[in-house]
Amino acid sequence: MFCLKAAFALYAAATALAFTYLFSKDEKWSLWMLRLMGVGVAFHVASFGFRLALFWQIPENKYFLPINSFFGALSYLSLAVAAVFFVVEGRHRLGILGAFVLPWATIGAGAAVIFADPAIKGLSPALQSYWINIHPMVLMTAYAAFGNAFGVGVALLIQEHQIKSRKPTELCYRLPSIEELDNLNYRIIVFGFPVLTVGIIMGGIWAYNAWGRFWGWDAKETWAFITALIYAGFLHMRFVKGLRGRKAVYVSMIGFASVVFTFIGVNYLSELHGYLSGRG
Amino acid sequence: MKIFRSVRFNIFLGCLIALGSAVGTFLPQIPDAAEKVTAYQVAHPDLHRLFDFFGLFDLYHTWWFMGLLGLMAFDIVVCKLWNKPPDPGIVALPPEMTREAEIEKHLSQKEAALKLKPYQAVLSSALAPAAASQMSKSFLEGEGYHLRPEVSGAAGSSFIATRHRLQRWGSYTAHIALVVILLGALIKGVYGFVEMVPVLEGRSRAMQNKPDWEVYVDKFTIKYYDGTFEPKSFSSVLRVQKGSQVLGEKTIIVNDPLDISGVRFYQASWGAGGMFRSVDLKLGSQILQLPQRTPEKIPGTPFLVTADVMLPNFTVNNGQADSASLDLQNPAVRFTFSVGPHKTSPLWLLKNDPSVCFAEDPDGNLTRAPKPPFSLAAIDPILFSGIQVAYDPGFKVVLTGAVLWLLGMIGTFYLHRRRLWVLVEPAEAGAKVSVGAWSSRGPEEFTKDFDGLMHRLRAQLDARDDFRITQNPLVEVS
Amino acid sequence: MSLILVGLSHKNAPLGVRENLAVLSQAKVFERLREAGASEAVVLSTCNRYELYVCFNGVESKPPSWALNLLEKISGMSLSAHAYQRGGPGAVEHLFSVASGLDSLVVGETEILGQVKDAYEAAVAAKMTGKYSNVLFQRALYVGKKVRNDTGVAVGQTSTASVAVQLAETIFGSLRGSSVLILGAGSMAELTARHLQSHKVAELLISNRTFSRAAGLAGEMKAEAIAWQMFPEALKKVDIVVSSTGSEKPILTADMVRSALEARAGRSLFIIDIAMPRDVEEAAAELDHVYLYRLEDLESIVADNLKNRGGEVRLAQELVAAKAKEFCAWESTLGTGKEASLKHSEAV
Chain D
345 MFCLKAAFAL YAAATALAFT YLFSKDEKWS LWMLRLMGVG VAFHVASFGF RLALFWQIPE
405 NKYFLPINSF FGALSYLSLA VAAVFFVVEG RHRLGILGAF VLPWATIGAG AAVIFADPAI
465 KGLSPALQSY WINIHPMVLM TAYAAFGNAF GVGVALLIQE HQIKSRKPTE LCYRLPSIEE
525 LDNLNYRIIV FGFPVLTVGI IMGGIWAYNA WGRFWGWDAK ETWAFITALI YAGFLHMRFV
585 KGLRGRKAVY VSMIGFASVV FTFIGVNYLS ELHGYLSGRG
Chain C
1336 MKIFRSVRFN IFLGCLIALG SAVGTFLPQI PDAAEKVTAY QVAHPDLHRL FDFFGLFDLY
1396 HTWWFMGLLG LMAFDIVVCK LWNKPPDPGI VALPPEMTRE AEIEKHLSQK EAALKLKPYQ
1456 AVLSSALAPA AASQMSKSFL EGEGYHLRPE VSGAAGSSFI ATRHRLQRWG SYTAHIALVV
1516 ILLGALIKGV YGFVEMVPVL EGRSRAMQNK PDWEVYVDKF TIKYYDGTFE PKSFSSVLRV
1576 QKGSQVLGEK TIIVNDPLDI SGVRFYQASW GAGGMFRSVD LKLGSQILQL PQRTPEKIPG
1636 TPFLVTADVM LPNFTVNNGQ ADSASLDLQN PAVRFTFSVG PHKTSPLWLL KNDPSVCFAE
1696 DPDGNLTRAP KPPFSLAAID PILFSGIQVA YDPGFKVVLT GAVLWLLGMI GTFYLHRRRL
1756 WVLVEPAEAG AKVSVGAWSS RGPEEFTKDF DGLMHRLRAQ LDARDDFRIT QNPLVEVS
Chain P
43 MSLILVGLSH KNAPLGVREN LAVLSQAKVF ERLREAGASE AVVLSTCNRY ELYVCFNGVE
103 SKPPSWALNL LEKISGMSLS AHAYQRGGPG AVEHLFSVAS GLDSLVVGET EILGQVKDAY
163 EAAVAAKMTG KYSNVLFQRA LYVGKKVRND TGVAVGQTST ASVAVQLAET IFGSLRGSSV
223 LILGAGSMAE LTARHLQSHK VAELLISNRT FSRAAGLAGE MKAEAIAWQM FPEALKKVDI
283 VVSSTGSEKP ILTADMVRSA LEARAGRSLF IIDIAMPRDV EEAAAELDHV YLYRLEDLES
343 IVADNLKNRG GEVRLAQELV AAKAKEFCAW ESTLGTGKEA SLKHSEAV
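The structure is reproduced here in structure tokens:
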């Protein structure tokens, strides 16, 4: 728990540096951001490791990943976002986008630390399946991708607004160009969409093995389906109608809102997927 | 028909389905929570009629929702059949100038034909035209390109090289996959069935959908995590018989069902229905074991005592005894004491709290009674095992659809089709190699790709001049 | 005192007066100067200034007011209310400062250096230069470059053309692979086009009402000329449009842009309207994926950029003053037989 708190603090600090870097040309902010992120990810991985060791003390949990609680899911999600950003940033030096991506990692870790119940529980029998190591991870990876696309989308909206207004500020020259951001947004979604749908289908196969039905219109399933529909709409509008730029970002943002709702809101609705209702 | 061909209409349909299915998540649904639906109907007497009319409490099985899904499947087929395939990277198919005969025709127009390609590069090599052509071919083959036969004429020679041709089918595969998945769901809807068979431990029950199949639960076991009512595991020793013929036998747990030629028996739930083998009543230092509904004489007294009803999770609801759930969280047993024809009021004893005792009047109303001189020491309940029986002949179809979808996704998004048109002409001091290119890849990435490829080709051909890649976006959006 | 200067600039002369001077024939001015006995002179005429430098090398020098009178006579206007006059070291320092872009509307801009060079070359062509003016103007060009290299006045985007290029980069990223359409064949259009070309744009199309002028410019710039009627069609594929025709009415209407957008599949379109009066209908700016910048937008961006660099201007002024002093020192040795040397490579 200490490790996660430390990771959260480091992410928060790195986010602050990312925002500083947004308005200051000094490369050192970006460099320190990257370093803090690195240490943060290391702490986070350590925290994950400790948690796994504790989790596996319950024999039934052996070799399953601790993603059965809201805490575990949030923690994993923020680790995925942070780690992906750390790797991409280390390679491509997209430091400027840190301000748009890191808040998600920070919010994820923060929500886990502050709101979620960290208690380690034994897995309910329905979750004692190798699928728990696959199905949620695949979906969280898609969520992390969509979170990044959302951040890129925000950057695109800012950039678009700046250039459209004819009064660009310094920020305008620091952000990647509209076409680059648009392309990045699209490419992240192109990565995320197949992952999302394959994750949903895996869930269906698991459900068939556990409950005897592939699809049951459970609230979580339904919302994941809605999310997939929205992103499918995004891709089709782009391919067929050439939807790009601001309006494309709006669609991708609606998609992300749906992701967030699927991830958090649905816990209050779902009969089968509620982390919060304790039904597992 | 035209409207079904429009992708816009399909997107609109998608929005409609998304909206419709979202509504269903905010209202209780009969298949999941029938009791909540009833509660809702009581709470909103006017609204529920409207909702009922549109079937909103079983939204996903209404005619209109099924209709929308069906229409979408139909539309996908129509869209894919009639429209030219939308490729990623907003690139439509290259202009159909690709057949060899046409190339021959265009050889005379040389660069004019190549100019129609989205990307072009021109290299001049000191090699003889035939050698340059051969060199380019072996180079491109090394780069993973598939070569089409060469066409040569007086003006030079020309060939086409392609890579990742499968990509073109990715989008078709993915869309067909969706239809296949829906088809699987349809097959399940028509031929499949799902039923819940609760079976008391040690007893059996006949299925509804297969009336001659008898489901036996020979033993049911449940384990809880220490100090909680969170189940650790539960399992049933299951036997299914048709008459005296045993169709299948297995100890089933959640995630590991019994499969009898496609009919699968799942361990879904369990519960205590109020049955028990015996309870232990503690009187002073004495313990009296009472089978259900069997009066026993209390030793040394004229009294007979009967234990008749058990509630697994005792609660007082509107002044009457009730059970909050089927879990054995707070079990209570009703006892009646009698001497000859005289009976006392029934008394409820709680296993978890010996100090609590309720007396029940003939109308079933409870009153708190003083702590009695006896207590409920133990219960040996008979649990029922909830067996979900499902037959889904469509699942294999759905699985096929899923695999197709995966392939389609990989094809559409992770493969990038490339097509090169190579024209080799004799030039003053050797050969001129013109390359036109098209790719399903985004222009930014493909420019880089093509740039690198041409640099390597340039080195291979030992070409003198530099080349310039020009983009002709008009071709891309044609 | 061998150099005199009379000038009118954006700082104190109204546009109308400057425009009237700008249309004066340079040949006529030179002719009148020769008649009046001046053999060395340079006319610097830009959108923002009109300056007449007259050198008297070896002949009796005249006061600056002489040049003003001459100019008034030629133009038939009274200029004294708007004009500034300098002589000797003051005139030298002014020329250096102009060449350094310190006197420009947009401080530090680089176009003026080219314009000074053009003005000097025009004078050379008209055989209106001599040893003094040759050294003076070459020195001015050198100082102009040096100031931009050594101080921060020219760091970043100090010209409208480079701001335009930078904006194009914030829209498209690298301009490699972008295609550009130039409407009109004027000098500003050409300048912007050259800037874009130096960023390796893939394709440059030039369209002009008079096709031959488009073809001429296209020939100079390795570009492709297209017929005027074809330019709305070209809008479908280009990424950047630079418009600077002399048309009274907008030549690029919002409807044209709208219909081109349908074929563009959502790619951005950057339109730079540097014409006065406007070439592009303002309503086009409202369209999605269209980014319309007018000359004043570019200029105000430049002005904002420069505002942040006040300190650099002071540094540049010091450098200009030092260089002017150095030049005057050289000037005073002229004719003494012991001419001081002015090496371009020397350190300050």
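Protein chains in written order, with this note's numbering: chain D, 345 to 624; chain C, 1336 to 1813; chain P, 43 to 390. Where a beta carbon is used, it is the ideal one built from N, C-alpha and C, also for glycine.
In this structure, the CA atom of His241 of chain P is about 18 Å from the CA atom of Leu340 of chain P. According to the DSSP assignment, Met1645 of chain C belongs to the beta strand (DSSP E) that extends over 1639 to 1646. Under the DSSP assignment, Val1691 of chain C falls outside any beta strand (DSSP E); it carries neither an H nor an E label. Taking the C-beta atoms as reference points, Val1724 of chain C is found nearer than 9 Å to Glu1530 of chain C. The beta carbon of Ala424 of chain D lies closer than 7 Å to those of Met484, Thr485, Ala488 in the same chain, with the five residues before and after it left out. Arg74 of chain P is positioned such that its CB atom lies closer than 9 Å to that of Lys115 of chain P.
Nearest in C-alpha terms to Ser1720 of chain C, of all of C:Val1575, C:Val1552, C:Leu1406, is C:Val1552. Taking 9 Å as the CB threshold, Ile598 of chain D stays off the interface with chain P. With a threshold of 9 Å between beta carbons, Pro512 of chain D makes contact with chain P.
Nearest to His136 of chain P by C-alpha distance, out of P:Leu334, P:Val284, P:Phe179, is P:Phe179. Any Cβ of chain C closer than 9 Å to the Cβ of Trp400 of chain D would place that residue at the interface, and such an atom is absent. For Ala499 of chain D, the enclosing alpha helix (DSSP H) has its first and last residue at 479 to 508.
For Leu277 of chain P and Met1789 of chain C, the gap between their C-alpha atoms comes out near 29 Å. Looking only at P:Pro319, P:Ile248, P:His331, the smallest Cα-Cα distance to Gly586 of chain D is reached by P:His331. Look at Gln1602 of chain C: its C-beta is under 9 Å from a C-beta on chain D. Taking the CA atoms as reference points, Val1486 of chain C sits about 21 Å from Gly1479 of chain C.
Neighbours of Arg1599 of chain C in chain D, taken as residues at a C-beta separation under 8 Å, are given in chain order as Gly556. By the 16-neighbour rule on beta-carbons within 10 angstroms, Trp1417 of chain C is exposed. Around the beta-carbon of Leu1385 of chain C, fewer than 16 other beta-carbon atoms lie within 10 Å, marking it exposed. Chain D has a Cβ within less than 9 Å of the Cβ of Glu1565 of chain C. Between Glu565 of chain D and chain P, the shortest Cβ-Cβ separation is not below 9 Å. Taking the Cα of Glu565 of chain D as reference, the smallest distance to any Cα among D:Ser596, D:Leu613, D:Leu361, D:Ser521 is reached at D:Leu613.
In the DSSP secondary-structure assignment, Thr1556 of chain C is bridged to C:Ser1570. Residue burial annotation: Gln1602 of chain C is buried, with at least 16 other C-beta atoms found within 10 angstroms of its C-beta.
In the same chain as Leu144 of chain P, and ignoring 5 residues on each side of it, the C-beta atoms closer than 8 Å to its own belong to Gly150, Val189, Val195, Val355, Ala358, Gln359, Val362, in chain order.
Checking the DSSP bridge columns, you'll see Cys97 of chain P partnered with P:Leu45, P:Glu82.
Excluding five sequence positions before and after Glu266 of chain P, the CB atoms of its chain that fall closer than 8 Å to its own CB belong to Glu245, Leu246, Leu247, Ile248, Ala260, given in chain order. With contacts defined by Cβ atoms closer than 9 Å, Phe494 of chain D and Ser596 of chain D form a contacting pair.
The bridge partners DSSP lists for Ala1713 of chain C are C:Asp1615. For chain D, the residues of the segment 211 to 232 of chain P that bring a beta carbon within less than 8 Å of one of its beta carbons are Glu211, Thr212, Ile213, Phe214, Gly215, in chain order.
Contact check between the segment 153 to 161 of chain P and the segment 80 to 93 of chain P: three or more CB pairs, one atom from each, fall below 8 Å, which counts as touching. Contact check for Leu1501 of chain C against Arg1752 of chain C passes: the beta carbons are separated by less than 9 Å. Around the beta-carbon of Val1757 of chain C, 16 or more other beta-carbon atoms lie within 10 Å, marking it buried.
The beta carbon of His124 of chain P does not come within 9 Å of any beta carbon belonging to chain D, so the residue lies off that interface.
For Ile1588 of chain C, DSSP records a beta bridge to C:Ser1570, C:Asp1591.
Under the three-state reduction of DSSP, Glu524 of chain D is assigned to helix.
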